[in-house]
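*Asks:* If you're matching positions, the sequence shown starts at 42 in our numbering and goes up one per residue.
Glycine included, each C-beta is placed from N, C-alpha and C at the ideal position.
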Amino acid sequence: MKPKRLLWQLYPSYLLITLISLAAIGWYASSSMQQFYYTQVAEDLKASARVIEEQVLASYETGDSVSLDELCKMLGTAGKRRITVIETSGKVLADSQENPKQMDNHSDRPEIIEAMKNLTSSKIRFSRTLGLDMMYVAIPLKTQDRVIAILRIAKPVSAINEQLKSIYYKILIGASFVAVFAALLSLVVSRRISKPLEELRKGAELFADGDLSHKLSAGNCQEIDAVAKAMNQMAEEIDGRISIISRQRNEHKAVLSSMVEAVLAVDSQQRLITLNSSAAEMFGVKIFDAKGRTLQEIIRNPALQHFVTNSLAGSEPIEDNITLLKDNSEHFLQAKSSVLQDEQGQKIGILVVLNDITKLKQLEQVRRDFVANVSHELKTPITSVKGFVETLLEGAMKKPAEAKRFLDIIAKQTNRMDAIIDDLLALSRIEQQAEKAEIERENGCIKDVLESAIELCRNKAQTKQIEIELRCADALATNINMPLLEQAVVNLLDNAIKYSPAGSKVGVVAAQADEQISITVTDFGCGIDKELLARIFERFYVVDKARSRKLGGTGLGLAIVKHIAGAHNGSVTVESKPGSGSIFTIKLPA
Ligand code: ADP
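Have a look at this one:
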């Protein structure tokens, strides 16, 4: 059942109480009034009986019943009442309204029985003679204290009631006025009681809708005032707590979204409670779509699902390595889980943090490869030197022609080792300086750098009759470390000369476009296969080992160029077509 408004609970109750009270008072007043009136009428009748008693007794004593009857009729008409005289035997001697001879014996009438006993009494009863309700008063007529007859005076009750009716009517009108007034007053009182409560209800609804700044007004009733104050205080506290929670939530959100690690929380049914942007990006899902769905639906990775199932089964944090296939490449993830608990300390799910360690693994691999490469690159010349030294010691030294040939080879191999070590040292120096941001840069003229690099390569170029052409504006300048940039250009020029046929051309062009200065070294040599272009900047990577070695290459030249460009916040790129030549471009910020 729908609950009723307080006003409609209070008002009808008040009204009912008022009406019942009015009806009770009205009934009590009417019956008291009737009682009082009947007593009054009975007293009147008694007084009337006493007044005519002497007259009737005198007439009775004459023994003339006809004159007694006439007297009764005369007195009855004058007093508008019925007068009857009855003998002690019950025989009616005279009656103001009926013929006494036709009336039956009255000895059984209660008022007559009382009067016979010398008592005066009044009775209301039905008159068999008249067929009406009557009020009777009977008094004994006595001579020398002996009851000789009974005088009875009666009045119809309807006449008495007629008079009472008008009084009842007045009481009813008065009560109706009081009832209407009470009804209005009840309405006002009910409203006064329910209004502050109604306002409390409205205020509570505003609180529930989130308007916690609303203030409930103090009521004029102590209890309601206390409730209003308590609710205002509660709203203030909730408001405070909500702002703390929102601030913490925003902080958590900021922390989560700025985390490089992928974070996801799942409930005990493996449904995603939340995930951060790194996780969404890692698994290629949208945060909004993913929330509430199961892990199996969102991320199809058996290893991760296995990890989550294991974590949910246990109560301790666990760690594992997971491989994820994304965009056709393998990603290595370090997964850590911890238990999520509710306020009661019950386990409600787990939090998984995934750290992409692919780069770390690659770096480790690069380091391992580097050590292997260095060892390998140095091992070959050392083995060769060792072999020839042993041959010399074993007697070849005594054959001058052979000894010279062997020593030439030894010198060549040591030069190669020297070149490798020089390159390695240069590389590590650049790396270290770049890492510590120690590379000094100053505004330098690009043309000067290019000219001095060309100068350093001139001999090699001339040996192969290669012409180097330079095009660069005199004013072109930017923040550079001149020796390093010179070395980068020398390395590119050296390669261009090495991998170009004799008599060809090498072009060096520097120009500025927008905020970038580009230095291009173009040759028309053997070029490089498209598939190998991405790898030539790796340390020790050479396309053709024998050829590179023959030409005195270490496989470190382009790696050095890449690091120098990086140290200038720039980059190096290559375009090449096998058989047509290559274009290497160093881009520097202007
Ligand atoms: P290297 O000391 O062997 O020249 P680099 O790091 O300078 O080592 O170059 C790596 C490889 O890139 C070389 O072995 C060579 O095969 C290729 N390469 C570099 N520059 C050129 C070029 N201008 N033309 C053709 N191939 C080149």
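#1: Say whether the stretch 601-609 touches the stretch 581-588, bearing in mind that this needs 3 or more beta-carbon pairs closer than 8 Å, one atom from each stretch.
#2: Would residue 398 pass as a contact of residue 374 if the rule is Cβ separation under 8 Å?
#3: List the endpoints of the continuous alpha helix (DSSP H) containing residue 364.
#4: Note the first and the last residue of the continuous alpha helix (DSSP H) segment covering residue 432.
#5: Within 10 angstroms of the Cβ of residue 177, are there 16 or more other Cβ atoms? Answer buried if so, exposed if not.
#6: Grab the span of the alpha helix (DSSP H) containing residue 605 for me, first residue to last.
#7: If you follow the alpha helix (DSSP H) that residue 197 is part of, which residue opens it and which one closes it?
#8: Among all the DSSP beta bridges, which residues are the ones paired with residue 628?
#9: Where does residue 301 land, buried or exposed, given buried means 16+ other C-beta within 10 angstroms?
#10: Which residues in the same chain have their Cβ closer than 6 Å to the Cβ of residue 526, if we skip the five residues on either side of it in sequence?
#11: Please name the residue, chosen from 504, 237, 213, that lies closest to residue 68 on a Cα-to-Cα basis.
#12: Between residue 132 and the rest of its own chain, which residues show a CB-CB distance below 7 Å, the 5 nearest in sequence each way excluded?
#13: Taking the alpha-carbon positions, what's the residue 619 to residue 577 distance?
#14: Buried or exposed for residue 542, going by 16 or more other Cβ atoms inside 10 Å?
#15: Quick check on this structure: which residue in 170, 592, 150, 267 has the alpha carbon closest to the alpha carbon of residue 162?
#16: Quick one: what does DSSP say residue 300 is sitting in, helix, strand or coil?
#17: Taking just the CA atoms, how far does residue 444 sit from residue 405?
#18: Would you say the beta carbon of residue 595 comes nearer than 7 Å to a heavy atom of the ligand ADP?
#19: To the nearest angstrom, how far is the alpha carbon of residue 581 from that of residue 629?
#20: With 8 Å as the threshold, decide whether the Cβ of residue 216 is near any Cβ in chain B.
#21: In angstroms with no decimal places, state the Cα-to-Cα distance between residue 509 and residue 476.
#22: Nearest CA to the CA of residue 330: which residue from 119, 344, 441, 312?
#23: On a Cα-Cα basis, can you pick out the residue from 472, 99, 72 that is closest to residue 206?
#24: On the criterion of 16 or more Cβ atoms from any shown chain inside 10 Å, does residue 417 qualify as buried, or is it exposed?
#25: Quick one: what does DSSP say residue 287 is sitting in, helix, strand or coil?
#26: How many Å lie between residue 423 and residue 412 at the Cα?
#27: CB of residue 531 to nearest heavy atom of the ligand ADP: below 7 Å?
#28: Please report the straight-line C-alpha distance between residue 427 and residue 436, rounded to a whole angstrom.
#29: Under three-state DSSP, which class holds residue 620?
#30: Where do the ends of the alpha helix (DSSP H) carrying residue 52 lie?
#31: Starting from the N-terminal side, write out each stretch of the alpha helix (DSSP H) that is 4 residues or longer and does not extend beyond the stretch 196-284.
#32: State the Cα-Cα distance for the pair residue 368 and residue 319, rounded to the nearest angstrom.
#33: Going by beta-carbon coordinates alone, are residue 196 and residue 122 separated by less than 8 Å?
#34: Would you mind reading off the limits of the beta strand (DSSP E) that contains residue 382?
#35: With residue 498 as the anchor, note down where its alpha helix (DSSP H) starts and where it stops.
#36: So residue 89 and residue 120 are supposed to be a Cβ contact under 8 Å. How far apart are they, rounded?
*Replies:* On the basis of the supplied data:
#1: no
#2: Your numbering for residue 398 matches position 357 in the sequence shown. Your numbering for residue 374 matches position 333 in the sequence shown. Taking 8 Å as the Cβ cut-off, residue 398 and residue 374 qualify as a contacting pair.
#3: As a first step, residue 364 is located in the sequence shown; it is residue number 323 there, counting from the start. Element bounds for residue 364: not the alpha helix (DSSP H) but the beta strand (DSSP E), 359-367.
#4: Locating residue 432 in the sequence shown gives position 391, counting from the first residue. First-last of the alpha helix (DSSP H) with residue 432: 399-434.
#5: Here residue 177 is taken as the residue at index 136 of the sequence shown, counted from 1. Counting Cβ neighbours within 10 Å, residue 177 comes out buried, since at least 16 surround it.
#6: Within the sequence shown, numbered from 1, the residue matching residue 605 stands at position 564. Run containing residue 605: 598-608, per the alpha helix (DSSP H) assignment.
#7: Position 156 of the sequence shown, counted from the start, is the residue given in the question as residue 197. Residue 197 -> not in any alpha helix (DSSP H); beta strand (DSSP E) instead, spanning 187-197.
#8: What you label residue 628 is simply residue 587 of the sequence shown in a count that begins at 1. Paired residues: 559, 612.
#9: Counting from 1 along the sequence shown, the entry for residue 301 is found at position 260. Flag for residue 301 reads exposed.
#10: By one-based count along the sequence shown, residue 526 stands at place 485. Excluding residues within five positions, the ones whose Cβ falls inside 6 Å are 490.
#11: Within the sequence shown, numbered from 1, the residue matching residue 68 stands at position 27. Checking every option, the nearest Cα to that of residue 68 belongs to 213.
#12: As a working mapping, residue 132 is identified with position 91 in the sequence shown. Cβ neighbours of residue 132 beyond the five flanking positions: 146.
#13: Sequence index remark: in the sequence shown, residue 619 carries index 578 (1-based). Sequence index remark: in the sequence shown, residue 577 carries index 536 (1-based). Each residue's Cα considered, the two are about 14 Å apart.
#14: Start at 1 with the first residue of the sequence shown, and residue 542 comes out as number 501. Flag for residue 542 reads exposed.
#15: For the purposes of this step, residue 162 is taken as the residue at position 121 of the sequence shown. Ranking 170, 592, 150, 267 by Cα distance to residue 162 puts 150 first.
#16: The count along the sequence shown starts at 1 and reaches residue 300 at position 259. Note: residue 300 maps to coil in three-state DSSP.
#17: Along the sequence shown, read from residue 1 onward, the residue named residue 405 stands at position 364. Along the sequence shown, read from residue 1 onward, the residue named residue 444 stands at position 403. Cα-Cα distance, rounded: 44 Å.
#18: Numbered from its first residue, the sequence shown carries residue 595 at position 554. Yes, the beta carbon of residue 595 sits closer than 7 Å to at least one heavy atom of the ligand ADP.
#19: Residue mapping note: residue 581 aligns to position 540 of the sequence shown, counting from 1. Residue mapping note: residue 629 aligns to position 588 of the sequence shown, counting from 1. Distance between the alpha carbons of residue 581 and residue 629 is about 25 Å.
#20: Note that chain B does not occur in the displayed structure, where there is just one protein chain.
#21: Translated into the one-based positions of the sequence shown, residue 509 becomes position 468. Translated into the one-based positions of the sequence shown, residue 476 becomes position 435. Cα to Cα, the separation comes out at about 34 Å.
#22: In the sequence shown, the residue the question calls residue 330 occupies position 289. Residue 312 is the option with its Cα nearest to residue 330.
#23: Translated into positions along the sequence shown, residue 206 becomes position 165. Here the closest residue by C-alpha is 72.
#24: By 1-based counting over the sequence shown, the position of residue 417 is 376. Exposed, because fewer than 16 other Cβ atoms sit within 10 Å of the Cβ of residue 417.
#25: Counting from one through the sequence shown, the residue named residue 287 turns up at place 246. Correct three-state label for residue 287: helix.
#26: Locating residue 423 in the sequence shown gives position 382, counting from the first residue. Locating residue 412 in the sequence shown gives position 371, counting from the first residue. The alpha-carbon atoms of residue 423 and residue 412 are separated by roughly 16 Å.
#27: By 1-based counting over the sequence shown, the position of residue 531 is 490. No.
#28: Looking up residue 427 in the sequence shown gives position 386. Looking up residue 436 in the sequence shown gives position 395. So the two alpha carbons sit approximately 15 Å from each other.
#29: Translated into the one-based positions of the sequence shown, residue 620 becomes position 579. The answer is coil: DSSP assigns residue 620 none of H, G, I, E or B.
#30: Residue numbering aside, residue 52 sits at position 11 when the sequence shown is read from its first letter. Per DSSP, residue 52 belongs to the alpha helix (DSSP H) from 47-103.
#31: 198-249
#32: Looking up residue 368 in the sequence shown gives position 327. Looking up residue 319 in the sequence shown gives position 278. Cα to Cα, the separation comes out at about 16 Å.
#33: Working through the sequence shown from its first residue, we reach residue 196 at position 155. Working through the sequence shown from its first residue, we reach residue 122 at position 81. In contact: residue 196 and residue 122 (Cβ atoms closer than 8 Å).
#34: Taking the first residue of the sequence shown as 1, we reach residue 382 at position 341. Where residue 382 is concerned, the enclosing beta strand (DSSP E) stretches over 370-382.
#35: What you label residue 498 is simply residue 457 of the sequence shown in a count that begins at 1. First-last of the alpha helix (DSSP H) with residue 498: 487-504.
#36: Counting from one through the sequence shown, the residue named residue 89 turns up at place 48. Counting from one through the sequence shown, the residue named residue 120 turns up at place 79. Right, the Cβ-Cβ distance comes to about 6 Å (below 8 Å), so this counts as a contact.
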